[in-house]
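For what it's worth, UniProt numbering labels the leading residue of the sequence shown as 1, then goes sequentially. Each residue gets a CB set at the ideal place from its N, CA and C atoms; glycine is no exception. Predicted model only: the values in this text are computed from it and were never measured. Please read the structure below before turning to the comments.
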Amino acid sequence: MRALWFCLHSLRSSLRNTLLRAKLWLYLRLTVCGQRENQYKVRFFRFGIPLVFKRTDRLFSTEADALGFLNRVAPHLPIPKLIDTFQLDGASYAIITKIPGKTLIEQPDLDENVFATVKDEILGVIDELWRIPQPPNLSGKVMVSASGHGLPHPGVFYEHIGGPYESTLELYKTMSMALTTYPPDVLNPILEDRVVWQPVDLAMQNVLIQDGHLSGIIDWEDAGWLPRHWLLHRLRCPRPGCTGLWARYWILTHKFDPATEAAYSASLTQGLLMYPI
């Protein structure tokens, strides 16, 4: 009886993998790689079908996990909708809706009035994301994805997963060699900062505009629950995705609420972090 059960289980697993390989083959034939995209990561459907085929080289903390969660709890957000997802040979695949418009990085001469409208709409999205309650099974955890696993850690250049951690203190212990030597006026603002859902890849190449308005935000692969001030590090770091009007606004003009700004300022204390967030 045990041998029969094992044979049936193996047959079912083999059949499932065969069907998934057929699905992957079909999706690859129906899609083409974009001009600037890695053909193994992002592909676009032929015949004008407004869908995108994406691959993530891990089985947890995927974009499908993030979008599936956000589509359920905040279905009105201007983000892709998850249509299909499956896993095969150590990789996760997802079919998502294609957001119309052009990215900010494709519009270096964007009108300032249009940018003013778009940044207000982005702030509205951030506010909504920060209001999403953490699920009871993840309550209090930090650097955790919608699947309940960790997220890319800055200590390894975001190439490997860290966490989840039980608190912001535990997270910071992995990023500072002398955390306990800092006084309360430095540590308290950081440790008391609320943990919220963060769009950690909020950058010019992931913000799309159409008809003078925000049409959507893409690339949610590494999103998850992190302290609020984490986003400020990402928004205020000059890099290819942070230039022009975008950089000037986030770095020089915009101020978040006092508690978030205090946590961010404290996290910049000399010697506290071993590497940039």
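{"query": "Cβ shell of residue 74 (< 8 Å), same chain only, five flanking positions each side left out", "result": "128, 129 and 132"}
{"query": "Counterpart residues of residue 209 in DSSP-defined beta bridges", "result": "102 and 214"}
{"query": "Residue 124 versus residue 233 - alpha carbon distance", "result": "19 Å"}
{"query": "6 Å Cβ shell around residue 263 - same chain, five flanking residues per side excluded", "result": "189, 190, 193 and 229"}
{"query": "The segment 173 to 189 in contact with the segment 208 to 225 per 3-pair CB rule at 8 Å", "result": "no"}
{"query": "Residue 275, buried or exposed, once every other Cβ within 10 Å from all chains shown has been counted against 16", "result": "exposed"}
{"query": "Per-residue DSSP class, three states only, for residue 122", "result": "helix"}
{"query": "Cα-Cα separation between residue 43 and residue 220, rounded to whole angstroms", "result": "16 Å"}
{"query": "Endpoints, the beta strand (DSSP E) within which residue 227 is located", "result": "224 to 227"}
{"query": "Sequence-distant residues of the same chain with beta carbon closer than 6 Å to residue 91, five excluded per side", "result": "55 and 57"}
{"query": "Contact under 9 Å by Cβ, residue 66 with residue 244", "result": "no"}
{"query": "Bridge partners - residue 54, DSSP secondary structure assignment", "result": "42 and 94"}
{"query": "Under 9 Å between C-beta atoms of residue 307 and residue 95", "result": "What the structure shows of the chain is the stretch from 1 to 277, and residue 307 is not part of that stretch, so it cannot be assessed."}
{"query": "Local Cβ density within 10 Å of residue 22, reported as buried at 16 or more and exposed below that", "result": "exposed"}
{"query": "Minimum length 4: unbroken alpha helix (DSSP H) runs contained in the segment 123 to 174", "result": "168 to 173"}
{"query": "Terminal residues of the alpha helix (DSSP H) in which residue 246 lies", "result": "244 to 248"}
{"query": "Residue 241 to residue 149 span [Cα, whole Å]", "result": "27 Å"}
{"query": "C-alpha distance - residue 16 paired with residue 59, whole-angstrom precision", "result": "17 Å"}
{"query": "Rounded straight-line distance, which links the Cα of residue 107 to that of residue 86", "result": "34 Å"}
{"query": "Cβ neighbours of residue 201 in the same chain (closer than 8 Å, five flanking residues each side left out)", "result": "219, 220, 221, 222, 223 and 234"}
{"query": "Spatially closest choice to residue 278 from 169, 20, 266 and 99, by CA coordinates", "result": "Look at the range of the chain in this structure, 1 to 277, and you will see that residue 278 is not part of it."}
{"query": "Candidates 170, 259, 20 and 217, of which the one nearest residue 88 by Cα", "result": "20"}
{"query": "Proximal residues to residue 251 (C-beta, below 6 Å), its chain only, five neighbours per side dropped", "result": "236"}
{"query": "Simplified DSSP state of residue 236, which is helix, strand or coil", "result": "coil"}
{"query": "Contacts around residue 83, its chain only, beta-carbon distance under 7 Å, and the 5 residues preceding and following it disregarded", "result": "51, 95, 96 and 97"}
{"query": "Beta carbon of residue 168 nearer than 9 Å to that of residue 195", "result": "yes"}
{"query": "Residues near residue 10 in its chain [Cβ-Cβ closer than 8 Å; skip 5 each side]", "result": "none"}
{"query": "For residue 197, three-class secondary structure by DSSP", "result": "strand"}
{"query": "Cβ-Cβ separation, residue 103 to residue 207 (assumed contact under 8 Å), whole Å", "result": "6 Å"}
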